[in-house]
Amino acid sequence: MAVNVYLWASLKKFTNDKDILKIEATTIGELVSVLRRDFPGLKPFLDSGISFAINGELSNPNSNETIPDEAEIYIMQKLKGG
Amino acid sequence: MAKDDITKSFKFIGTRPNRPDGFEKVTGRAKYGADISAVGMLHGAVLRSPYAHARIKSINFEKAAKLDGVKAIITRDDFPKDREGEPLKLLENTIAGEIAYYDGHAIAAVAATSVFTAKEALKEIEVEYEVLPHVIDVDEAMKPDAPIVRENAGDFSVPEGSSPNVASYIEFGRGDIANGFDKADIVKSGLFKTEAAHQGYIEPHACMAQLDHNGQGEMWVCTQGHWYIRQMCSEVLGLEASKLCVTPSEIGGGFGGKTTIFIEPLALALSKKSGGRPVKIVMSRSEVLRATGPTASASMDVKIGMTKDGYLTAGCVEFRMQGGAFGGSPVSEALQCAFASYNMDAVHHIGFDVLANRPRAAAYRAPGSPMAAFAVESLIDEMCTDLNLDPIDVRLKNAVAEGSKSSYGPKFKKIGLIETLEATKEHPNYSIELGVNQGRGVAAGYWMNHGGETSVSVSLAEDGSVNVSVGTPDIGGSRASIALMTAETYGIPYDSVRVNILETGALGFNEPTHGSRATLASGKAVYEAANQTIAEMCTRVAKKWQIDPDAVYWENGYAKPAGPNAGDFSPISIKQIASEMDQTGGPIAGHHEASIRGVGHSFGVHIADVEVDPETGRVTVLRYLVAQDAGRAVHPSYVEGQFQGGAVQGIGWALNEEYVYGEDGCLQNAAFLDYRIPVASDLPNIDTIIVEVPNPDHPFGVRGVGETGIAPPLPALANAVAAATKVRLRSLPMSPTKVLKALKTGNDGC
């Protein structure tokens with residue numbers, strides 16, 4: 001199953017100048033593993049504390065969460081609320 | 083005006099019962115951070131840097147240690163030396179190592195048998211400093227010849243060639259920006275600036291800590307998130323997290339500023355060094371202002387295109403925000419909020435998190451959103467004025483709705499911006515005639531809200547009343563709203579529910595009360611836990627009736643047969659079930675632990691009417707209206723209070739509040755006498771409209787309501803002042819001095 005991953009443009013330097021990635025993954029854990037494997041430059045970003053928006057729903061990372069096929073996934077910095 | 087897709091009619095939700103913490107607070111019995119004491123307790127005091135940037139050449143505390151009553155003195159040498167990453171930044175901000183990075187940076191701490199002795203001992207500590215060049219202003223910090231705050235502080239994101247004071251960089255957007263501006267009939271740009279503002283909570287930071295030589299300890303602390311306190315202190319001190327038990331006190335305001343650590347590791351280290359005696363530290367107001375996190379100051383370039391009939395065609399922002407000496411400005415969130423209210427095909431965002439010789443920024447109510455709103459909503463207002471367009475109509479034309487792609491990417495689910503704009507336009511405040519030197523300003527604001535890690539439990543007492551245990555400190559009425567949701571779930575009176583906020587050993591990990599999440603997240607978790615207990619009660623009643631559990635349902639506090647086929651049984655009350663628990667299988671309790679999903683985005687629209695005195699420059703707020711989508715107002719009085727509180731803090735930020743630094747880089751106004759937050763006599767009544775577009779992903783339709791209210795006041799006030807004076811101020815605060823200067827020169831120099 002493939003999902004579409006949208007990254008901030010400032011991360012393109014780590015992803016061969018792409019800010020939209022097509023990734024084969026069925027869970028968030030798999031997705032993060034693929035990103036780490038294929039784009040090692042993203043490691044400090046992924047380690048820095050991130051949030052996901054999966055088909056519009058904002059959430060903390062849950063590596064066991066199943067991702068719908070063709071899901072639209074945004075990876076963002078972890079929210080700091082007041 | 084409610085647009086109600088959740089068809090349940092509620093019995094308790096939407097009512098306004100007495101607050102459960104009210105009696106203790108008005109009688110003075112509520113225990114805040116400084117109210118705790120223990121046998122053998124010592125008092126801590128902190129020595130702070132008098133310089134904005136200085137190398138610490140030596141610290142001599144021999145004389146201080148000899149004072150009668152002094153039991154422990156700590157410096158950075160008493161902390162682990164192998165920290166790195168975020169724990170190292172937390173440690174550095176807690177107590178300076180080789181370098182003091184800002185005025186007020188902790189250098190050493192003393193524990194003594196009295197506060198007086200501890201403070202006397204501070205005077206006897208001799209510190210030799212080598213003063214270093216400093217930088218305070220965010221734009222100055224980005225110049226090529228600026229003093230370097232910390233070497234090699236930039237992270238992976240910083241582009242090559244950036245200033246050494248850039249800690250991180252972010253860029254995102256979509257669409258054809260050039261084409262978007264080509265489609266516009268008018269393109270405007272501007273530089274906007276805001277100063278750092280403090281959260282201004284009434285209760286200063288306070289804690290009491292005890293730590294044994296074996297790493298087992300306890301802490302009592304005023305905080306928004308005691309699991310965060312436990313986690314951060316454990317990481318800084320190298321403790322095993324489960325051995326540190328943290329109990330939250332009542333809290334006299336936080337607004338984001340109490341989601342991190344300042345004095346807590348110092349109290350623990352002092353306790354350990356004094357042989358495990360409890361140590362209490364209470365900050366003074368001056369210490370709070372000098373050494374705890376305000377929000378960032380910001381310098382923001384904005385460019386927007388608009389058609390002559392008011393449609394937005396493109397927008398670009400570049401935000402530069404200083405977050406103190408260790409980074410951490412909310413520039414990412416500011417960018418996400420900048421154009422979030424509007425449908426725009428082409429947007430581009432750039433952000434810099436910049437270091438300066440100031441205390442590390444902490445979260446402050448919708449972090450970043452107020453600055454972004456000030457810049458974007460001010461410029462949109464200028465364009466509405468230029469094109470003679472109604473500012474609410476323009477926002478309605480561009481407003482995001484369900485299915486809109488947000489400016490930062492994800493699509494919105496059900497949201498209520500349009501309903502909020504419509505409610506604002508219909509309110510009488512929008513049509514009241516204005517007089518000489520008076521003006522009206524309109525602005526919108528956004529906050530995404532948050533779910534977060536949450537753990538709760540619910541237990542049935544033997545008399546049928548209910549105990550709810552949560553881990554989110556009550557800073558804005560969450561005990562009342564959670565009790566109402568619990569009462570609604572069971573169908574029992576509000577007074578039969580007690581909500582307790584437990585210490586870290588009693589529940590799983592809970593994120594703080596931040597991101598407007600307590601009522602949404604803990605409420606959703608409590609709903610799940612309560613339904614576990616209802617299922618258990620139905621099961622026990624089914625056994626009693628010798629029928630299938632599915633043939634029993636719950637209604638208004640009773641287990642009932644599901645229909646004629648289930649049998650002819652009299653309903654059994656929660657009281658009876660509870661009284662028989664010990665005979666039917668033992669205690670009945672439910673738990674729910676999750677990263678809570680189903681966050682509902684929040685939008686607000688404000689109208690400010692002001693009068694500007696042309697002789698003094700003083701801005702008087704005549705009228706103020708807050709309209710905001712609450713999803714569902716569980717306790718409307720608390721929701722109104724959140725709206726009003728956000729507006730008041732925003733008014734202060736817009737008109738008076740700022741950190742004033744001298745040439746020496748030291749804070750000049752570290753007291754409420756000089757750091758001017760609004761008081762009741764400065765303000766009119768804040769009118770409110772609670773718009774209810776229920777969040778479909780919450781059992782009661784709840785959205786967070788705490789934060790959005792602080793974003794629109796900054797531009798609403800600026801737009802009102804511009805309407806009153808025909809002069810646009812693009813920097814905050816709009817203090818009398820600045821307004822008067824702008825009236826004379828035609829601008830504020832920004």
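Chains A and B supply the protein sequences, listed in that same order. The first sequence runs 1 to 82 under our numbering. The second sequence runs 83 to 832 under our numbering. Even glycine gets a Cβ: it sits at the ideal position worked out from N, Cα and C. Remember, it's a predicted structure, so these values are computed and weren't measured experimentally.
Going by other Cβ atoms of all chains shown within 10 Å of its Cβ, with 16 needed for buried, is residue 85 (chain B) buried or exposed?
By 1-based counting over the second sequence, the position of residue 85 (chain B) is 3. The predicted position of residue 85 (chain B) is uncertain, since its pLDDT is 43 and thus under 50; no value can be drawn from it.
Residue-chain proximity (residue 681 (chain B), chain A), Cβ-Cβ < 8 Å:
One-based indexing of the second sequence puts residue 681 (chain B) at position 599. Residue 681 (chain B) belongs to the set of residues whose beta carbon lies under 8 Å from a beta carbon in chain A.
Would you mind telling me which residues of chain A sit closer than 9 Å to residue 493 (chain B), beta carbon to beta carbon, in chain order?
Reading the second sequence from its first residue, position 411 is the one you call residue 493 (chain B). Residue 493 (chain B) reaches chain A at 53, 55, 56, 72, counting residues in chain order whose Cβ is nearer than 9 Å.
With which residues is residue 252 (chain B) paired in a DSSP beta bridge?
Indexing the second sequence from 1 puts residue 252 (chain B) at position 170. Beta bridge pairing from DSSP links residue 252 (chain B) with B:433.
For residue 83 (chain B), does the three-state DSSP call read helix, strand or coil?
Residue 83 (chain B) sits at position 1 when you count from the first residue of the second sequence. For residue 83 (chain B), the predicted model reports a pLDDT of 37, less than 50, meaning its position is unreliable; a value from the coordinates is still stated below. Coil at residue 83 (chain B), not helix or strand.
CB-CB length for residue 322 (chain B) against residue 537 (chain B), believed under 8 Å:
Within the second sequence, numbered from 1, the residue matching residue 322 (chain B) stands at position 240. Within the second sequence, numbered from 1, the residue matching residue 537 (chain B) stands at position 455. In fact, because the Cβ distance is near 19 Å, the residues do not count as touching under 8 Å.
Assess, as a yes-or-no matter, whether the stretch 94–101 of chain B is touched by the stretch 714–721 of chain B under the definition of 3 or more beta carbon pairs within less than 8 Å.
Contact holds: three or more Cβ-Cβ distances are below 8 Å.
Please give the ranges of any beta strand (DSSP E) in the stretch 96–139 of chain B, keeping only runs that are unbroken, at least 3 residues long and fully inside the region.
Segments of the beta strand (DSSP E) lying fully in the stretch 96–139 of chain B: 124–130.
Please confirm whether residue 80 (chain A) has its beta-carbon closer than 8 Å to some beta-carbon of chain B.
As a first step, residue 80 (chain A) must be located in the first sequence, where it is residue number 80. Residue-level contact by beta carbon holds for residue 80 (chain A) and chain B, with a gap shorter than 8 Å.
Excluding the 5 residues preceding and the 5 following residue 131 (chain B) in the sequence, name in chain order all residues of the same chain whose CB lies nearer than 6 Å to its CB.
For the purposes of this step, residue 131 (chain B) is taken as the residue at position 49 of the second sequence. 182, 187, 189.
Taking its Cβ as the centre, do 16 or more other Cβ atoms sit within 10 Å of residue 698 (chain B), making it buried, or is it exposed?
Along the second sequence, one-based indexing puts residue 698 (chain B) at 616. Counting Cβ neighbours within 10 Å, residue 698 (chain B) comes out exposed, since fewer than 16 surround it.
Proximity below 8 Å, CB of residue 496 (chain B) to CB of residue 778 (chain B)
Locating residue 496 (chain B) in the second sequence gives position 414, where the first residue counts as 1. Locating residue 778 (chain B) in the second sequence gives position 696, where the first residue counts as 1. In terms of Cβ geometry, residue 496 (chain B) and residue 778 (chain B) form a close pair [threshold 8 Å].
Contact list for residue 322 (chain B) against chain A, beta-carbon separation under 7 Å:
Numbered from 1 along the second sequence, position 240 holds the residue referred to as residue 322 (chain B). None at all; the shortest Cβ gap to chain A is about 22 Å.
In this structure, what does DSSP give as the bridge partners for residue 625 (chain B)?
What you label residue 625 (chain B) is simply residue 543 of the second sequence in a count that begins at 1. Listed as beta-bridge partners of residue 625 (chain B) by DSSP are no residues whatsoever.
Would residue 1 (chain A) pass as an interface residue toward chain B - the criterion being a Cβ-Cβ separation below 8 Å?
As a position in the first sequence, residue 1 (chain A) is number 1, starting the count at 1. For residue 1 (chain A), not one C-beta of chain B is nearer than 8 Å to its own C-beta.
Starting from residue 238 (chain B), find everything on chain A with Cβ-Cβ shorter than 7 Å and list it in chain order.
Along the second sequence, one-based indexing puts residue 238 (chain B) at 156. Within 7 Å Cβ-Cβ: 44, 45.
Assign residue 790 (chain B) to one of three DSSP states: helix, strand, or coil.
By 1-based counting over the second sequence, the position of residue 790 (chain B) is 708. The answer is helix: DSSP assigns residue 790 (chain B) an H, G or I state.
Look at the alpha carbon of residue 219 (chain B) and the alpha carbon of residue 758 (chain B), and state the distance between them as a whole number of angstroms.
Numbered from 1 along the second sequence, position 137 holds the residue referred to as residue 219 (chain B). Numbered from 1 along the second sequence, position 676 holds the residue referred to as residue 758 (chain B). A direct Cα-Cα distance of roughly 21 Å separates residue 219 (chain B) from residue 758 (chain B).
From which residue to which residue does the beta strand (DSSP E) around residue 669 (chain B) run?
Residue 669 (chain B) sits at position 587 when you count from the first residue of the second sequence. Here residue 669 (chain B) belongs to no beta strand (DSSP E), and DSSP marks it neither H nor E.
How is residue 418 (chain B) classed by DSSP in three states: helix, strand or coil?
Along the second sequence, read from residue 1 onward, the residue named residue 418 (chain B) stands at position 336. Helix at residue 418 (chain B).
So within the stretch 562–639 of chain B, which uninterrupted alpha helix (DSSP H) runs reach at least 4 residues, ignoring any that extend past its ends?
Runs found: 605–627.
Can you tell me which residues form a DSSP beta bridge with residue 74 (chain A)?
For the purposes of this step, residue 74 (chain A) is taken as residue 74 along the first sequence, with counting starting at 1. Beta-bridge analysis with DSSP links residue 74 (chain A) to A:6, A:53.
Under 6 Å Cβ to Cβ from residue 83 (chain B), same chain only, skipping five residues before and after it: list those, please.
Working through the second sequence from its first residue, we reach residue 83 (chain B) at position 1. Caution is warranted here: a pLDDT of 37 is assigned to residue 83 (chain B), below 50, making its placement in the model unreliable, and the coordinate value is therefore given only provisionally. 505.
Select from the stretch 247–279 of chain B all residues with a C-beta closer than 7 Å to any C-beta belonging to chain A, and list them in chain order.
Shown in chain order are the members of the stretch 247–279 of chain B whose Cβ falls below 7 Å from a Cβ of chain A: 251, 252, 253, 254, 255.
Going by the CB atoms, is the gap between residue 706 (chain B) and residue 771 (chain B) shorter than 8 Å?
Sequence index remark: in the second sequence, residue 771 (chain B) carries index 689 (1-based). Sequence index remark: in the second sequence, residue 706 (chain B) carries index 624 (1-based). No Cβ-Cβ contact shorter than 8 Å links residue 771 (chain B) with residue 706 (chain B).
Can you tell which of B:258, B:657, B:747, B:391 has the C-alpha that lies nearest to the C-alpha of residue 623 (chain B)?
In the second sequence, counting from the first residue as 1, residue 623 (chain B) sits at position 541. Put simply, of B:258, B:657, B:747, B:391 the residue whose alpha carbon is nearest the alpha carbon of residue 623 (chain B) is B:657.
Provide the residue(s) that pair with residue 487 (chain B) in DSSP beta bridges, ordered along the chain.
What you label residue 487 (chain B) is simply residue 405 of the second sequence in a count that begins at 1. Per DSSP, B:493.
Pull up the DSSP beta-bridge partners for residue 292 (chain B), would you.
Stepping through the second sequence from its first residue, residue 292 (chain B) is reached at position 210. In DSSP, residue 292 (chain B) forms a bridge with B:300.
Step through the CB atoms of chain A and report whether any lies within less than 8 Å of the CB of residue 49 (chain B).
Because chain B spans 83 through 832 in this model, residue 49 (chain B) falls outside it and cannot be assessed.
Taking contact to mean 3 or more Cβ pairs, one atom from each stretch, closer than 8 Å, check whether the stretch 810–829 of chain B and the stretch 723–740 of chain B are in contact.
Segments in contact, yes.
Does DSSP classify residue 663 (chain B) as helix, strand or coil?
Working through the second sequence from its first residue, we reach residue 663 (chain B) at position 581. Three-state DSSP puts residue 663 (chain B) in a helix.
Use the C-beta contact count for residue 121 (chain B): other C-beta atoms within 10 angstroms, 16 or more gives buried, fewer gives exposed.
Taking the second sequence and counting its residues from 1, one reaches residue 121 (chain B) at position 39. By the 10 Å Cβ count, residue 121 (chain B) comes out exposed.
My output table needs one value for residue 642 (chain B): the three-state DSSP class, helix, strand or coil.
Numbered from its first residue, the second sequence carries residue 642 (chain B) at position 560. The answer is strand: DSSP assigns residue 642 (chain B) an E or B state.
Quick check on residue 352 (chain B): does DSSP put it in helix, strand or coil?
Taking the second sequence and counting its residues from 1, one reaches residue 352 (chain B) at position 270. It is helical.
Straight-line CA distance for residue 236 (chain B) to residue 415 (chain B)?
Here residue 236 (chain B) is taken as the residue at index 154 of the second sequence, counted from 1. Here residue 415 (chain B) is taken as the residue at index 333 of the second sequence, counted from 1. Rounded to whole angstroms, residue 236 (chain B) to residue 415 (chain B) spans 19 Å at the Cα level.
Which residue marks the beginning of the beta strand (DSSP E) containing residue 20 (chain A), and which one marks its end?
For the purposes of this step, residue 20 (chain A) is identified with residue 20 of the first sequence, where counting begins at 1. Per DSSP, residue 20 (chain A) belongs to the beta strand (DSSP E) from 20–24.
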